[in-house]
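First to last, the protein sequences are chains D and H. Quick note on numbering: numbering that gives the first Met the number 0 labels position 172 of the first sequence as 171, and the sequence is numbered without any gaps. Quick note on numbering: numbering that gives the first Met the number 0 labels position 109 of the second sequence as 108, and the sequence is numbered without any gaps. One structure is given here, and the rest of the page talks about it.
Number of protein chains: 2
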Amino acid sequence: MRDNAKDPERHAARMAKKKRAIEARMAQAQEDKGVLLVLTGPGKGKSSSGFGMVARALGHGMKVGIVQFIKGKFATGEERFFRDHPDVTYHVMGEGYTWDTQDRARDEEAASAAWEKAVAMLRDPAYGLVLLDELNIALRYEYLDQDRVLDDLMARPEMQHVVVTGRNAKQELIDIADTVTEMQVEKHAFKDGGVRAQKGVEL
Amino acid sequence: MRDNAKDPERHAARMAKKKRAIEARMAQAQEDKGVLLVLTGPGKGKSSSGFGMVARALGHGMKVGIVQFIKGKFATGEERFFRDHPDVTYHVMGEGYTWDTQDRARDEEAASAAWEKAVAMLRDPAYGLVLLDELNIALRYEYLDQDRVLDDLMARPEMQHVVVTGRNAKQELIDIADTVTEMQVEKHAFKDGGVRAQKGVEL
């Protein structure tokens, strides 16, 4: 195995095969359209991945909309970094962590107000990418009407990409998504090793 | 289930319990230190997640180093977006996709040169976060000496965070990591639906 991996001829042959496979797949995949991506599961990296896609989209000159559900109150590193970008519209649901408010009616109200911000983006083809961070949590707690959310997502402009993050994605959302990634925890310092959540990578 | 989730008292009780659990866990986790995160698995979002962490770290005023292994040649959206940031040092391994070069010796040379750039960051405590994008690929193809890589990672400044991305993370790397997330594909438009890889979210 080790020797094969290092053998230059086998290596070149494998890479050539890989290149052909990728080109064939690219040729098959013809359709250009906005995709709905769902990033879910208990592992780290769901929101980070969404924000990485924001950076990528901005790098391509796109206009980006971001709505953060549930987490509010204190500014995250991402918020500080992206909020003032001229091509970014940023809204944070104003009620802080739900376990700090402990008031369902207020949570529902805040979620509905945040969804209105999202809908404005989902109706505007100027937005190339819309990130709905932690929307899955708002759906799971039924802060929002799921049917309305799905309708609004499906009615978006044809070329608009949407990224939805959060654990426990609803099956109905997965059904209408183009791409779904499930993040699994293999090992976690915060849980396993007594290391505090670290600013910069986790907060 | 649906009714329970909507009951305000049960909701408040559950949120209060969640808050206590989180506070207890935070109190237990005392140690402040740089963490080594590994993002692996076949699902989407590994590199995006790393770049999201870059944005987060920059939002906290940290200095960030980025080295991209394997993928080079054309500028990604992330590269365009982050390369000129005053707090970012960015290096891309210069040889393009390995399946374009098909030359093992050149790949090894390029990987070694890229590792030297990484080592300069890993020895400099001024860098709060170092992203080693797709390093797992370079290790898997044995373009780099694994023992040396692990030694350099472990010898880094105590408060420095490192994020390593790419499929098929080596077990020896997982062993020294603080947090490991495995991205699993649940559904993929590019594979399943004939949709071309989309600029902004995937390229």
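Just so it is clear, CB atoms sit at the ideal spot from N, CA and C, and this is done for glycine as well. Given the structure is predicted, the values throughout are model-derived calculations rather than measurements.
Under the Cβ criterion of 7 Å, D:VAL66 is not counted among the residues facing chain H. When only Cα atoms are considered, D:ASN135 and H:GLU115 end up about 42 Å apart.
DSSP places D:GLY40 in no beta strand (DSSP E); its state is neither H nor E. With fewer than 16 neighbouring CB atoms inside 10 Å of its own CB, D:GLU8 falls in the exposed class. Flagged as an interface residue toward chain D: H:GLN183, by a C-beta distance shorter than 7 Å. Residue state for D:GLN145 is assigned as helix, using DSSP reduced to three classes. DSSP places D:LYS116 in the helix class (H, G or I) of the three-state scheme. Secondary structure note for D:GLU181: its beta strand (DSSP E) is the uninterrupted segment 178–186. Exclusion of the five residues before and after D:GLU157 leaves LYS32, GLY33 as the residues of its chain whose Cβ lies within less than 7 Å of its Cβ. Interface with chain H (7 Å Cβ-Cβ cutoff): D:SER111 is excluded. For H:MET52, at least one C-beta of chain D is nearer than 7 Å to its own C-beta.
Within a 10 Å sphere around the beta-carbon of D:ARG147 sit fewer than 16 other beta-carbons, which makes this residue exposed. The CB of D:ILE175 never comes closer than 9 Å to any CB in chain H; the least such distance is about 10 Å.
The distance from the Cβ of H:GLY44 to that of D:GLU77 is about 15 Å, inconsistent with a contact at the 8 Å cut-off. Residue state for D:GLN170 is assigned as helix, using DSSP reduced to three classes. Beta bridge pairing from DSSP links D:TYR89 with D:ILE65. From the beta-carbon of D:ARG105, no residue of chain H is found nearer than 7 Å; the closest lies around 11 Å away.
In the structure shown, D:GLY165 adopts coil according to DSSP, grouped into three states. Collapsing the DSSP output to three states places H:GLY127 in a strand. Between the alpha carbons of D:PRO124 and D:ASP177 lies a gap of roughly 19 Å. Of the residues assessed, D:ALA104 falls on the exposed side of the cut-off, its CB having fewer than 16 other CB atoms within 10 angstroms.
At a cut-off of 7 Å between beta-carbon atoms, D:ARG9 makes no contact with chain H.
Sixteen is the threshold: when 16 or more other Cβ atoms of the shown chains lie within 10 Å of the Cβ of D:GLU181, as they do, the residue is buried. By the beta-carbon neighbour count (other beta carbons within 10 angstroms, threshold 16), D:LYS16 is exposed. Each of H:ASP86, H:ALA154, H:PHE81, H:VAL129 was checked against the Cα of H:VAL37, and the nearest Cα belongs to H:VAL129. The DSSP-derived three-state label of D:ASP151 is helix. According to the DSSP assignment, H:ARG139 belongs to the alpha helix (DSSP H) that extends over 134–139.
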